[in-house]
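Here the structure comes first, spelled out in structure tokens, and everything after it is commentary.
Protein chains in written order, with the working numbering: chain A, 1 to 442; chain B, 443 to 884.
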């Protein structure tokens with residue numbers, strides 16, 4: 001086991017405690033009742049997209065694989081569970097040998113999803129599969145929320161680079177996962193060094209207002225920065241007076257100045273003025289980076305402004321109004337006995353309100369029209385129609401406990417762009433609306 | 443160093459990479475310019491509370507201390523920074539010896555805060571203090587957002603216990619910090635085993651719908667659970683038909699049944715019916731736990747319902763509409779030279795829009811009326827008026843690099859209750875409004 005595979009920029013011995021207590025008490029009761037070994041199928045899906053969103057983005061699958069691989073009950077963990085009397089001795093013994101030996105299938109990371117899409121399917125005994133519920137949902141609900149916001153921002157930016165700068169606005173390790181999810185969704189770099197260390201995402205950053213304020217004059221600050229970081233650096237020009245700072249920046253760095261950054265004010269207006277001023281000073285190739293409380297709408301509103309890159313923080317890491325997805329992990333089929341050949345029977349909750357689910361182990365495919373554009377998300381538990389066989393979405397991720405679905409973040413980024421491009425044009429609109437594909441159940 | 447002090451349920455060698463790249467490039471430029479050793483004061487504050495909120499809750503201070511203590515640049519980290527050319531060799535040498543040797547003061551954890559409250563003050567050389575910006579903000583912005591939601595929910599629950607169940611809706615390590623923050627804000631337990639392991643927060647949990655669906659009948663499932671977990675367990679009664687399930691639950695467990703849990707439907711209506719039914723069956727002491735998409739408003743709406751405990755997930759860990767705070771880390775004073783006796787001079791950004799700040803190293807006090815109720819948050823950088831001397835809010839947390847501000851979570855919980863109780867009555871309202879205290883600058 002390589003602890004670095006955990007997805008953290010840190011050594012972590014196990015993910016087994018990222019678990020709600022009821023998973024262990026259910027295990028204990030099922031072990032005692034003789035039902036723990038019934039073959040079971042759990043599926044991850046959402047009943048709806050966040051209000052107004054046109055599509056979801058699957059992100060975190062790679063981190064799920066890391067978490068599954070490292071899901072072990074170490075002696076210190078078992079001792080904690082014993083002391084706190086979370087479960088009994090037979091259950092502790094069972095946990096000591098735990099490792100997931102079943103199969104996991106799912107939408108590949110970067111794919112889009114819709115209400116009812118079986119995003120992940122975990123197959124094994126009830127005992128081994130039920131334990132993964134919380135950690136699987138934590139990863140997918142968080143990462144997919146950030147990736148969906150990132151994807152919308154990438155659409156709004158229309159090819160201009162997006163820099164992820166949200167670490168300070170979210171938990172320090174959620175920040176690392178957010179950088180990763182933002183990269184999946186189309187961002188090109190991050191300010192977060194831990195994300196660079198762990199995932200190889202390009203890191204960027206030069207200076208804050210504090211650096212200007214540290215020095216006796218803005219001239220001193222710019223000179224110090226250019227002396228040390230070179231003329232290609234990005235100078236922050238809104239500590240005092242923007243026009244004076246831009247003049248000074250070009251005076252100090254020359255027209256080879258890499259970029260200026262604007263972090264406050266009316267960005268549309270200021271960007272136009274700064275571009276004019278830079279051009280007048282001969283700094284035609286000096287870029288303009290803007291970074292103040294941007295979301296996808298603010299980015300879109302700057303489409304006609306002379307902006308070369310956007311830095312995005314708060315709204316990215318908080319999912320632009322939707323900081324989590326509503327993915328659930330539900331038992332959809334299980335055998336009627338622990339015999340290995342006992343057939344799977346579909347099961348589903350049937351009680352009050354909207355919280356019902358569709359039983360059965362499902363396939364999923366994306367139907368396309370003659371023009372190649374997607375027309376429906378098709379989900380079923382019976383035989384897959386022949387014409388959809390080529391359109392299946394679910395791939396193997398873990399086979400008999402072995403991880404088989406690892407891939408590079410570059411491949412995931414490309415998949416997301418391709419998947420989004422296959423959707424109807426209305427997927428590109430930022431405005432609120434219904435999911436761009438209906439989900440059909442066969 | 444005890445890695446467990448990091449606040450994670452895992453071994454972590456360092457928090458130094460939870461840092462935005464610009465902190466290191468500023469360091470490099472300041473080292474070269476000879477300004478890195480200027481004595482500096484950074485303050486953490488917010489310019490506003492989340493819209494409609496009456497007060498903020500300081501949470502995460504204990505985790506900040508863990509992060510500061512473990513902020514070291516290990517060889518693997520330095521090698522990463524070298525390979526990626528983030529900073530130059532002199533800077534890497536400087537980082538290899540880094541540890542924070544300055545002072546940190548702040549509002550004690552659990553205290554309430556208002557716009558402009560100097561929640562944390564970091565004093566040291568520019569170099570040593572600038573590096574802590576991102577990790578300090580990550581921790582405080584996240585944890586305080588969750589604690590503020592928790593505090594409102596605790597007010598709404600009016601003494602009934604609140605169970606934190608949000609792990610599946612947020613990043614797996616943000617979940618652990620969320621449990622901690624919820625506990626600070628008034629929750630009494632958590633479903634998250636990692637939070638129990640790391641912080642000693644009481645953990646709870648019994649079963650999910652999957653457990654009922656695993657078994658051939660609800661009767662089998664309830665029997666299995668009671669056999670294993672005892673009659674004091676909580677049976678989930680909304681998988682099929684609630685009335686039938688409640689009847690069955692008491693049949694299987696007897697009137698000693700600990701509790702039933704309802705996770706869907708019209709909770710107000712269902713809770714009343716279930717209470718009636720339990721009473722009719724003689725199960726007068728069987729409690730009712732409700733757990734479906736609750737927020738502070740839903741909790742308040744159940745005040746008159748026969749509910750004994752609330753389980754809260756999504757809305758807690760996402761800060762009930764405000765998943766982050768807007769805390770910033772700003773240089774407010776610095777010396778004009780690196781001489782140790784050079785006097786501090788206040789500094790402040792003065793550019794466009796609302797993003798200005800107030801310079802100077804600040805004290806803070808809460809003014810109270812004759813009835814002991816708070817009337818204003820008073821912040822100043824000059825002499826503190828004598829009548830406010832007893833009302834000061836800021837305490838030492840780190841002195842010359844040594845952590846002096848550690849305390850138990852129990853003490854923090856008690857402080858929060860006391861601090862909230864000292865606010866005007868309107869702080870108890872859930873409705874949107876202005877901060878209950880004005881901030882006065884002296």
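Note that CB positions come from ideal geometry on N, CA and C, so glycine has one too.
Everything numeric in this text was worked out from a predicted model, so none of it was measured.
- Looking at the DSSP output, residue 346 (chain A) sits in a beta bridge with A:333.
- Between the alpha carbons of residue 563 (chain B) and residue 50 (chain A) lies a gap of roughly 39 Å.
- Rounded to whole angstroms, the separation of the alpha carbons of residue 552 (chain B) and residue 561 (chain B) is 11 Å.
- For residue 482 (chain B), the uninterrupted beta strand (DSSP E) run begins and ends at 481-487, by DSSP.
- Contact between residue 479 (chain B) and residue 567 (chain B) holds: CB atoms are separated by about 5 Å, below the 8 Å threshold.
- Fully contained in the stretch 64-119 of chain A are the following beta strand (DSSP E) runs of length 3 or more, in chain order: 103-106.
- Think of a sphere of 8 Å around the beta carbon of residue 583 (chain B): the chain A residues whose beta carbon falls inside it are 168, 169, 170, in chain order.
- Across the stretch 463-474 of chain B, CB contacts with chain A closer than 9 Å involve 463, 464, 465, 466, 467, 468, 470, 471, 472, 473, 474, in sequence order along the chain.
- The DSSP-derived three-state label of residue 849 (chain B) is coil.
- For the stretch 305-325 of chain A, residues whose beta-carbon sits nearer than 7 Å to a beta-carbon of chain B comprise 314, 318, 323, 324.
- For residue 662 (chain B), no pairing in a beta bridge is given by DSSP.
- A contact between stretches requires three or more CB pairs, one per stretch, nearer than 8 Å, and the stretch 195-208 of chain A fails this requirement with the stretch 782-794 of chain B.
- Residue-level contact check: residue 46 (chain A) does not touch chain B, since none of the beta carbons of chain B fall below 7 Å from its beta carbon.
- DSSP lists no bridge partner for residue 641 (chain B).
- Across the structure, residue 514 (chain B) and residue 578 (chain B) are spaced so that their CA atoms are roughly 15 Å apart.
- For residue 102 (chain A), the closest C-alpha among the options A:238, A:396, A:329, A:435 is that of A:396.
- Restricting attention to A:70, A:60, A:43, the CA atom closest to the CA of residue 15 (chain A) is found in A:70.
- Against chain B, a Cβ distance below 8 Å from residue 84 (chain A) picks out 638, 645.
- A residue is called buried when at least 16 other Cβ atoms come within 10 angstroms of its Cβ; residue 284 (chain A) does not meet this threshold and is exposed.
- Within chain B, the residues whose beta carbon sits less than 8 Å from that of residue 331 (chain A) are 651, 652, 655, 656, listed in sequence order.
- The alpha carbon of residue 645 (chain B) has as its nearest neighbour, out of B:757, B:631, B:614, the alpha carbon of B:631.
- Remark: C-beta atoms of residue 373 (chain A) and residue 359 (chain A) do not approach each other more closely than 7 Å.
- A Cβ-Cβ distance of about 6 Å is found for the pair residue 466 (chain B) and residue 528 (chain B), placing them in contact under the 8 Å criterion.
- Between residue 153 (chain A) and residue 191 (chain A), the CB-CB gap reaches or exceeds 7 Å.
- With contacts defined by Cβ atoms closer than 7 Å, residue 660 (chain B) and residue 687 (chain B) form a contacting pair.
- Residue 883 (chain B) and residue 821 (chain B) have their C-alpha atoms some 5 Å from each other.
- For the stretch 660-671 of chain B, the set of positions with a beta-carbon nearer than 9 Å to some beta-carbon of chain A reads 662, 663, 665, 666, 667, 668, 669, 670, 671 in chain order.
- By the Cβ-count criterion, residue 857 (chain B) is buried, with 16 or more other Cβ atoms from all chains shown falling within 10 Å of its own Cβ.
- With distances taken between CA atoms, residue 93 (chain A) lies nearest to A:77 out of A:107, A:77, A:108, A:105.
- DSSP, reduced to helix, strand and coil, places residue 585 (chain B) within a helical segment of the structure shown.
- In this structure, residue 627 (chain B) lies near residue 499 (chain B), with their beta-carbon atoms less than 7 Å apart.
- Annotated three-state conformation of residue 212 (chain A) is helix, per DSSP.
- Chain A places no beta carbon closer than 7 Å to that of residue 547 (chain B), leaving this residue out of the contacts.
- Spanning the alpha carbons of residue 83 (chain A) and residue 27 (chain A) requires a straight line of approximately 18 Å.
- Residue state for residue 261 (chain A) is assigned as strand, using DSSP reduced to three classes.
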